[in-house]
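> Protein chains in written order, with our numbering: chain A, -10 to 149; chain B, 23 to 314.
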């Protein structure tokens, strides 16, 4: 049996205490151990951005981190964005502006948009495009994604 | 795929990390920001017996000015360098280069030391640290030593680090505040590795001639390549369009670019000519502006 390590992680406001194998990726821990399957596994090499979460206030690709490294961290996943049945303003803007098609890239893009608007409440189009440059949308729906983030910014989504 | 099994350690002190390296030698890998190593582990292109995670050695994350140089701890993350007022003020070419690294998620995790030790031929930091004539502080069982960036990068993904040593700091000598600088890179999408890149610095004398210059290329050689003939050509000269074009042509002649899916060697050589010209134009325009 491989050695297991105890970790304590706060995910979306809930503290979890679990043990993990050292080689378990953070994304697999979120999906398999915590059953938070909103975070997607795409390329597993840090190229697609589907597994993006917010860790201690900054975006990170959870396929490029070990779960054991998240010990003591605060993590926000897509499940933590909405307030009960009420969508987060960024999610609402994505819905209103048809900014998702198959939806595979969406959880990661939402979190990058959230982190971007926290840092820069009124980004230019170029700043938005740079902010989401770590995401691949294979439906190629970038135009509406950018539009949705602009709308979210106009509506003051950064206050959430 | 998922990583194969390994022994995992997360020491809080550098001496504990060194003791582990001594034990595992070249069967250990150091995990810094993980933005290059983790993909290799996931794809099982790397299968180390031990992984030494140095992210808990927080004492090695800092940016300080000392003795006319900027000292940056090996664990300093790219975003910290990108947003540091001290870097922007004292070493703006570094801030400009860092903004080209990957995308926000990569810059949030990736570290200065990790990028230098990994030594991807097209990476931004090895080129800009070489252009700044940086020095790297290395800690090993026998103590510390310092290596010049130009000697640190030895070949394709190969650096002057022994299996029992750790890179601890990079020191970047400061150029005069009036120096001009530029970092240019060409790639198909922002965040991709450079098809070709260049870091350039120029300072002027009182006659507005080039007093000193530094030109280092990325992505067109196994290691960052100092365009020495181009530098020599500029020094003591007025930076006319003709001189800049000659310097750019020499840089293109002197590089040894690879051919791959992103571009042939000939294409990259042509690209070097263009980006070196643009970098020198921008650096000299900035230097002229600063002299006013």
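All C-beta atoms, glycine included, are put in the ideal place defined by N, C-alpha and C.
Buried or exposed: residue 24/B, going by 16 or more other Cβ atoms within 10 Å of its Cβ?
Along the second chain, one-based indexing puts residue 24/B at 2. Result: exposed.
> Would you mind reading off the limits of the beta strand (DSSP E) that contains residue 225/B?
Here residue 225/B refers to the residue found at position 203 of the second chain. Element bounds for residue 225/B: 218 to 226.
> List the whole-angstrom C-beta distance separating residue 162/B from residue 184/B, where the pair is believed to meet the contact cut-off of C-beta under 8 Å.
Position 140 of the second chain, counting from 1, holds the residue named residue 162/B. Position 162 of the second chain, counting from 1, holds the residue named residue 184/B. Contact flag correct, Cβ pair sits at about 6 Å.
> What residue does the alpha helix (DSSP H) around residue 301/B start on, and which one ends it?
In the second chain, residue 301/B corresponds to position 279, counting from 1. Run containing residue 301/B: 287 to 313, per the alpha helix (DSSP H) assignment.
> So with CB distances below 7 Å, who are the chain A contacts of residue 56/B?
Here residue 56/B corresponds to residue number 34 of the second chain, with the count starting at 1. Correct list: 53, 54.
> What ranges does the beta strand (DSSP E) occupy inside the region 57 to 134 of chain B, keeping only unbroken runs of at least 3 residues that lie completely in it?
If we require 3 residues or more, the beta strand (DSSP E) runs fully inside the region 57 to 134 of chain B come out as 72 to 75, 85 to 88, 91 to 95.
> Chain A beta carbons: is any one of them nearer than 7 Å to that of residue 310/B?
Working through the second chain from its first residue, we reach residue 310/B at position 288. No, because no Cβ of chain A sits closer than 7 Å to the Cβ of residue 310/B.
> So residue 29/B is in the beta strand (DSSP E); what residue range does that whole segment cover?
Reading the second chain from its first residue, position 7 is the one you call residue 29/B. Residue 29/B -> beta strand (DSSP E) spans 29 to 31.
> From residue 107/B to residue 97/B, what distance separates their C-alpha atoms?
The residue labelled residue 107/B in the question sits at position 85 within the second chain. The residue labelled residue 97/B in the question sits at position 75 within the second chain. So the alpha carbons of these two residues sit roughly 18 Å apart.
> What is the DSSP secondary structure of residue 118/A, reduced to helix, strand or coil?
Counting from one through the first chain, the residue named residue 118/A turns up at place 129. Correct three-state label for residue 118/A: helix.
> Enumerated in chain order, which unbroken segments of the alpha helix (DSSP H) with a length of 4 residues or greater are wholly contained in the region 152 to 201 of chain B?
The region 152 to 201 of chain B contains these whole alpha helix (DSSP H) runs: 171 to 174.
> Quick check on the DSSP output: the beta strand (DSSP E) that includes residue 251/B runs from which residue to which?
What you label residue 251/B is simply residue 229 of the second chain in a count that begins at 1. Where residue 251/B is concerned, there is no enclosing beta strand (DSSP E), although the alpha helix (DSSP H) it sits in stretches over 250 to 256.
> What three-state label does DSSP hand residue 265/B in the structure shown?
As a first step, residue 265/B is located in the second chain; it is residue number 243 there, counting from the start. Helix.
> What in chain A is Cβ-close to residue 52/B, meaning under 8 Å?
Position 30 of the second chain, counted from the first residue, corresponds to residue 52/B. The contacting residues do not exist; residue 52/B stays about 14 Å from chain A at best.
> DSSP state of residue 281/B, grouped into three classes?
Your numbering for residue 281/B matches position 259 in the second chain. In the structure shown, residue 281/B sits in coil (DSSP, three-state: anything other than H, G, I, E or B).
> What three-state label does DSSP hand residue 276/B in the structure shown?
Taking the first residue of the second chain as position 1, residue 276/B is located at position 254. DSSP places residue 276/B in helix when its eight states are reduced to three.
> Would you kindly work out how many angstroms separate the C-alpha atoms of residue 111/B and residue 198/B, rounded to a whole number?
Counted from its first residue, the second chain places residue 111/B at position 89. Counted from its first residue, the second chain places residue 198/B at position 176. Looking at the two C-alpha atoms, the distance is approximately 11 Å.
> Can you tell which of 34/B, 114/B, 135/B has its C-alpha closest to the C-alpha of residue 55/B?
Working through the second chain from its first residue, we reach residue 55/B at position 33. For residue 55/B, the nearest C-alpha among the options comes from 135/B.
> Buried or exposed: which applies to residue 75/B, given that a residue is buried once 16 or more other Cβ atoms fall within 10 Å of its Cβ?
Residue 75/B sits at position 53 when you count from the first residue of the second chain. Label assigned to residue 75/B: buried.
> Could you tell me whether the Cβ of residue 213/B comes closer than 7 Å to any Cβ of chain A?
The count along the second chain starts at 1 and reaches residue 213/B at position 191. Cβ-Cβ to chain A under 7 Å: yes for residue 213/B.
> Are there three or more Cβ pairs, one per stretch, closer than 8 Å when the region 81 to 96 of chain A is compared with the region 128 to 148 of chain A?
Yes: the two stretches touch, three or more of their Cβ pairs being nearer than 8 Å.
> CB-CB under 8 Å to residue 190/B, same chain, minus the five flanking residues each way: which ones, in chain order?
Taking the first residue of the second chain as position 1, residue 190/B is located at position 168. Cβ neighbours of residue 190/B beyond the five flanking positions: 36, 82, 95, 96, 135, 159, 160, 161, 166.
> With a Cβ-Cβ cutoff of 7 Å, do residue 263/B and residue 279/B count as a contact?
Start at 1 with the first residue of the second chain, and residue 263/B comes out as number 241. Start at 1 with the first residue of the second chain, and residue 279/B comes out as number 257. No, the Cβ-Cβ distance between residue 263/B and residue 279/B is not below 7 Å.
> Go ahead and pull the three-state DSSP assignment for residue 246/B.
Here residue 246/B is taken as the residue at index 224 of the second chain, counted from 1. Correct three-state label for residue 246/B: coil.
> Give a yes or no on whether the C-beta atoms belonging to residue 73/B and residue 42/B are separated by under 7 Å.
On the second chain, residue 73/B is found 51 positions in, with the first residue counted as 1. On the second chain, residue 42/B is found 20 positions in, with the first residue counted as 1. Result no, Cβ atoms of residue 73/B and residue 42/B do not sit closer than 7 Å.
> Would you mind sorting residue 241/B into buried or exposed? The rule is 16 or more other CB atoms within 10 Å of its CB.
Indexing the second chain from 1 puts residue 241/B at position 219. Burial call: buried.
> What are the residues in the region -1 to 14 of chain A lying within 9 Å of chain B by C-beta distance?
Residues 10, 11, 12, 13, 14.
> Starting from residue 58/A, trace the alpha helix (DSSP H) in both directions and tell me its first and last residue.
Along the first chain, read from residue 1 onward, the residue named residue 58/A stands at position 69. Unbroken run through residue 58/A: none, as it is neither H nor E.
> Does residue 114/A get closer than 7 Å to chain B when you measure Cβ to Cβ?
In the first chain, counting from the first residue as 1, residue 114/A sits at position 125. It does not; no Cβ of chain B falls within 7 Å.
> Please confirm if the region 226 to 235 of chain B is in contact with the region 140 to 155 of chain B, defined as three or more CB-CB distances below 8 Å between the two stretches.
No, the region 226 to 235 of chain B is not in contact with the region 140 to 155 of chain B.
> Thinking C-alpha only, which one of 78/A, 132/A, 69/A is nearest residue 25/A?
By one-based count along the first chain, residue 25/A stands at place 36. Measuring from the Cα of residue 25/A, the nearest candidate turns out to be 69/A.
> Residue 297/B to residue 257/B, Cα distance in whole Å?
Stepping through the second chain from its first residue, residue 297/B is reached at position 275. Stepping through the second chain from its first residue, residue 257/B is reached at position 235. Cα to Cα, the separation comes out at about 19 Å.
> What is the rounded straight-line gap between the Cα of residue 131/B and the Cα of residue 259/B?
Here residue 131/B refers to the residue found at position 109 of the second chain. Here residue 259/B refers to the residue found at position 237 of the second chain. Residue 131/B and residue 259/B: Cα-Cα distance of roughly 42 Å.
> Whole angstroms is fine: what's the gap from residue 124/B's alpha carbon to residue 122/A's?
Start at 1 with the first residue of the second chain, and residue 124/B comes out as number 102. Start at 1 with the first residue of the first chain, and residue 122/A comes out as number 133. If you take the alpha carbons of residue 124/B and residue 122/A, they lie about 9 Å apart.
> Could you check the C-alpha separation between residue 305/B and residue 276/B for me, to the nearest Å?
Locating residue 305/B in the second chain gives position 283, counting from the first residue. Locating residue 276/B in the second chain gives position 254, counting from the first residue. If I take the Cα positions, the gap works out to 21 Å.
> Counting only the same chain and skipping the five closest in sequence on each side, list residues whose C-beta sits under 7 Å from that of residue 221/B.
Here residue 221/B refers to the residue found at position 199 of the second chain. Counting only Cβ-Cβ distances below 7 Å, and skipping sequence neighbours, we find 115, 119, 149, 150, 153, 205, 238.
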